[in-house]
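Engineer: Take the sequence shown: its letters are residues -24 to -1, 1 to 307, numbered as in mature numbering (1 follows the signal peptide of the UniProt record, and there is no 0).
For glycine and all other residues, C-beta sits at the position ideal for the given N, C-alpha and C.
Could you have a look at this structure, given as structure tokens, before my questions?
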Amino acid sequence: MRKRLTVAVAAATALLGLPGTASAATATGGTSVGVHNAYAQQAAPYLVDVLDKRPGLVELDVWSNFLFSRDFQVGHEPGNANNCARATTYDQLRTGARDQNLATCLRNVRLWHDRNPDHPLVVLKVEFKNGFDDRGGYGPDEFDRLVAENLGTANVFGPAQLIGAHPDLDSAARAGAWPDRSALTGKFAILAESGTFERANPFDNYDTDLEYADRLIAARAAGTLPTATAFPAIVGASQADPRVGDRGGARAPWFVAFDGSAASYAAWPGDSYLGGHYLVVMTDAHAVAPAIDARTPSTADARARVRLLAGKGATVVSSDWVDPAVVGYRV
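This is the structure in structure tokens:
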């Protein structure tokens, strides 16, 4: 009788589009929805409009001192072209001039957080389009200072919080050190990722994730790990553990975040090396066969897609979806 009741409840949950139980473990015990290019004015008039939908992830594309701009700029192309508002109060988040730099975007997030301190965990996916420019004064440590000054380290769940007494991040992750979602209320987790421009640049052999992993190793050795705010994320879905080559060796145990194609992850059996230990972002969730609309799918279709990828071990699935009933959905 209990078995029949369980099956009936599961079927009803699927039909009604209610949160179901993922068939694979995830780092934080659940799966949320992220907004691709959340900073773009095509995504929403203002960044606060995206945040008010309670997404599990927002993406910011950053250009580091590109063409000697002397700034961390936010836009799909070089320069500041975004929905971040010049604001010093919450009420100005929908009235201030847009097209601001990264510091201002982070202050927007902080103002929203201060008004909504009990929000679920938000992953800030920062894609460094052209990588860091450490020699020019726009490296990982300068980025961390920018986060500390504008978002506040107290609001960030970072490497120092995960590692605890473990020797490295991988040891902590594999020991189950990620808090569950309820314990991450009001927190941000930041991913530092290599950008498309950087990965295509034949003269750049020191990708963002490598550079930030080295930042973590050095900070750990110096006893300053709490000043590091981000997790370096390896870009590109891989069925086998991608922590090899440049990402192997001493760097390997400092990678606990992965970001890749949802369609690739969905095509593979099980969750391979992931095992529910790592923060996994599955992008372009709409493209998993059968494809659904990238922006305005039916709520039922989008939620079903989230549940499918939750079963593959996604911490976050992302797309360009705009419906609050989808963006704020969690399983």
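Determine which residues share a DSSP beta bridge with T259 and list them.
Structural biologist: Beta-bridge pairing links T259 to S237.
Engineer: Between the beta-carbon of R30 and the beta-carbon of H95, is there less than 8 Å?
Structural biologist: Cβ distance < 8 Å, so R30 and H95 count as in contact.
Engineer: Considering only residues of the same chain and omitting the five flanking positions on each side of P93, which have a CB-CB separation below 6 Å?
Structural biologist: Same-chain partners within the cutoff: G162.
Engineer: Go ahead and label L285 buried or exposed: buried means 16 or more other beta carbons lie within 10 angstroms of its beta carbon, across all protein chains shown.
Structural biologist: Buried: at least 16 other Cβ atoms inside 10 Å.
Engineer: Terminal residues of the continuous alpha helix (DSSP H) containing V274?
Structural biologist: It is Ser, not Val, that sits at residue 274 in the sequence shown. Neither: S274 is in no alpha helix (DSSP H) and is coded neither H nor E.
Engineer: Considering only the beta carbon of each residue, do D235 and A209 sit closer than 8 Å?
Structural biologist: In contact: D235 and A209 (Cβ atoms closer than 8 Å).
Engineer: Entirely within the segment 84 to 146 and at least 3 residues each: give me those beta strand (DSSP E) ranges in chain order.
Structural biologist: For the segment 84 to 146, whole beta strand (DSSP E) runs of length 3 or above, ordered along the chain, are 98 to 104.
Engineer: Since I believe L36 is in contact with A100 (beta carbons under 8 Å), could you give me their beta-carbon distance rounded to a whole number of angstroms?
Structural biologist: Here the sequence assigns Leu to residue 100, which means Ala is not the residue at that position. Going by Cβ atoms, the distance from L100 to L36 rounds to 7 Å, so yes, they are a contact pair.
Engineer: Given a threshold of 16 other Cβ atoms within 10 Å of its Cβ, counted over all protein chains shown, does E53 qualify as buried or as exposed?
Structural biologist: E53 should be labelled exposed.
Engineer: Residues bridged to S45 by DSSP?
Structural biologist: Answer is none; S45 lacks a bridge partner.
Engineer: Rounded to whole angstroms, what is the Cα-Cα separation between P266 and G112?
Structural biologist: Between P266 and G112, the C-alpha separation is close to 46 Å.
Engineer: Would you list the residues sitting across from N58 in a DSSP beta bridge?
Structural biologist: Answer is none; N58 lacks a bridge partner.
Engineer: Across the segment 17 to 27 and the segment 169 to 177, are there enough close Cβ pairs to call them in contact, namely three or more that are closer than 8 Å?
Structural biologist: Too few Cβ pairs lie closer than 8 Å, so no.
Engineer: Have a look at P300, V302 and A79 and flag the residue whose alpha-carbon is nearest the alpha-carbon of G128.
Structural biologist: Comparing Cα positions, the closest option is A79.
Engineer: Is the beta carbon of V232 less than 8 Å from the beta carbon of M258?
Structural biologist: It is not a contact, given that the beta carbons lie outside the stated cut-off.
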